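This report refers to the structure that appears directly beneath it.
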Amino acid sequence: MIFSTLEHILSHISFSIVSIVITIFFISLSVDEIVGLYDSSEKGMIATFFCITGLLVTRWIYSGHFPLSDFYESFIFLSWSFSIIHMVPYFKKHKNYLSAITAPSTFFTQGFATSGLLTEMHQSEIIVPALQSQWLMMHVSMMILSYAALLCGSLLSVALLVITLRKAIRIFSKKNNFLNESFSFVEIQYMNERSNVLLNTSFFSSRNYYRAQLIQQLDQWSYRIISLGFIFLTIGILSGAVWANEAWGSYWNWDPKETWAFITWTLFAIYLHTRTNKNWESFNCAIVASIGFLIIWICYFGVNLLGIGLHSYGSFNLH
């Protein structure tokens, strides 16, 4: 009873803190002068991490098993993974480009886990015999960590696509407006020369420079995080195959969860392969990673909604 109450308190405290962090973060985006807001949001995410950690440890103690046996626990672990990824650039004293992704991701996953949709799973139960194995911690934790990393990397690629497309649309609209005007050849030549002068000014050059720098940073961070997530995913699939052989007598059964995990692994393997091809631009690679964002949610969330196959232990019913 004490542990259940403590878990309830920690879950609501963590969700409240991350809600405040989201509010502070959006305020800091609109008010650049208040530098202290950024530090407050970062410290808030650290507090959220410790609250979620305490929640998981509490549930582990009173349930007697590693808290990854159902959908509710996996969502809590996913929000915990997002908070870890958020803190890595902060402690390395790098500019945290991930904060715009990891903080809202922690907020939504924590909010969904504590919502009424998963109320039936809030109470810990005795896990089924197939899950009573030491492989539970290894396999499921690696899979959830890979989901968190791959989702963050994919969202960075989505941000890269948005910035690049906005720039392309702006350039295209300017060209159309220019062509729609009727000028003589002399006037057009004069306008071209004038536009070249303007483009060479410090204002436009610095603006383009910072945009290019941001795109490059997003591309690098996306590649690094997806590479890390791909390693976790590979370890998770391999450990799951060994566990499946012990539990069911077969390494691979083409279960819906296994099939979508293989599709996810293949897609991000294609992404990493395209990164080695110099003919592929970062924009094309980002498209592949963006598709991966949808595939991950189908693998993690969609299959659980169906509640079919050998991996249906964490499924839930919508009432």
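The UniProt record's numbering numbers the first residue of the sequence shown as 1 and each following residue consecutively.
Even glycine gets a Cβ: it sits at the ideal position worked out from N, Cα and C.
What you are looking at is a predicted structure, and each value in this text was computed from that prediction instead of being measured.
Exercise. Would you mind working out which of 11, 281, 243, 296 sits nearest residue 264, comparing C-alpha positions?
Key: 296
Practice problem: Could you check which residue in 217, 287, 50, 281 has the C-alpha nearest to that of residue 7? | Solution: 50
Quiz item: From residue 258 to residue 84, what does the alpha carbon distance come to, in whole angstroms?
Solution: 26 Å
Quiz item: Near residue 190, which residues of its chain fall below 6 Å by C-beta distance, leaving aside the five closest residues on each side in sequence?
Solution: With a pLDDT of only 41 at residue 190, under 50, the local geometry of the prediction cannot be trusted, and no value is derived from it.
Quiz item: How would you label residue 148, buried or exposed, when you count the other beta carbons within 10 angstroms and need 16 or more for buried?
Solution: buried
Quiz item: Is it buried or exposed for residue 166, if we count other Cβ within 10 angstroms and need 16 for buried?
Solution: exposed
Self-check item: Simplified DSSP assignment, three categories, for residue 355
Solution: Nothing can be reported for residue 355, as the shown portion of the chain is limited to 1 through 319.
Exercise. May I ask you to report which of helix, strand or coil DSSP gives residue 70?
Key: coil
Quiz prompt | Contact the region 214-230 vs the region 145-163: 3+ CB pairs below 8 Å | solution = yes
Practice problem: Give me the Cα-Cα distance between residue 220 and residue 5, rounded to the nearest whole angstrom. | Solution: 43 Å
Quiz item: Considering only residues of the same chain and omitting the five flanking positions on each side of residue 321, which have a CB-CB separation below 8 Å?
Solution: With the chain represented from 1 up to 319, any question about residue 321 goes unanswered, as that position is not in the structure.
Practice problem: Verify whether the separation of the beta carbon atoms of residue 139 and residue 239 is less than 7 Å. | Solution: yes
Quiz item: Among residues of its own chain, excluding the 5 on either side of residue 251, which ones have a beta-carbon nearer than 8 Å to its beta-carbon?
Solution: 241, 242, 244, 245
Practice problem: Pick out whichever of 282, 79, 304 has its Cα sitting closest to the Cα of residue 162. | Solution: 282
Practice problem: Give me the Cα-Cα distance between residue 215 and residue 103, rounded to the nearest whole angstrom. | Solution: 20 Å
Quiz item: Going straight from the alpha carbon of residue 68 to that of residue 27, what length do you get?
Solution: 35 Å
Quiz item: Which residue comes first and which comes last in the alpha helix (DSSP H) that contains residue 114?
Solution: From DSSP, residue 114 is part of no alpha helix (DSSP H); its letter is neither H nor E.
Quiz prompt | Close Cβ partners of residue 325 (< 6 Å) along its chain, the five nearest in sequence each way excluded | solution = The structure shown has nothing for residue 325, since the chain only spans 1 to 319.
Quiz prompt | residue 79 beta carbon less than 7 Å from that of residue 110 | solution = yes
Self-check item: Cβ separation of residue 159 and residue 98, assumed to be a contact under 8 Å, to the nearest whole Å
Solution: Going by Cβ atoms, the distance from residue 159 to residue 98 rounds to 10 Å, so no, they are not a contact pair.
Quiz item: What residue range is occupied by the uninterrupted alpha helix (DSSP H) comprising residue 65?
Solution: Unbroken run through residue 65: none, as it is neither H nor E.
Quiz item: Is residue 232 closer than 7 Å to residue 142 when the C-beta atoms are compared?
Solution: yes
Quiz prompt | Where residue 249 sits in the DSSP three-state scheme | solution = coil
Self-check item: Span separating the alpha-carbon of residue 15 from that of residue 75
Solution: 13 Å
Practice problem: Identify which residue in 262, 304, 222, 306 has its Cα closest to the Cα of residue 237. | Solution: 262
Practice problem: Could you spell out where the alpha helix (DSSP H) holding residue 305 opens and where it closes? | Solution: 303-306
Exercise. Assign residue 52 to buried or exposed, taking buried as 16 or more other Cβ atoms, counted over all protein chains shown, within 10 Å of its Cβ.
Key: buried
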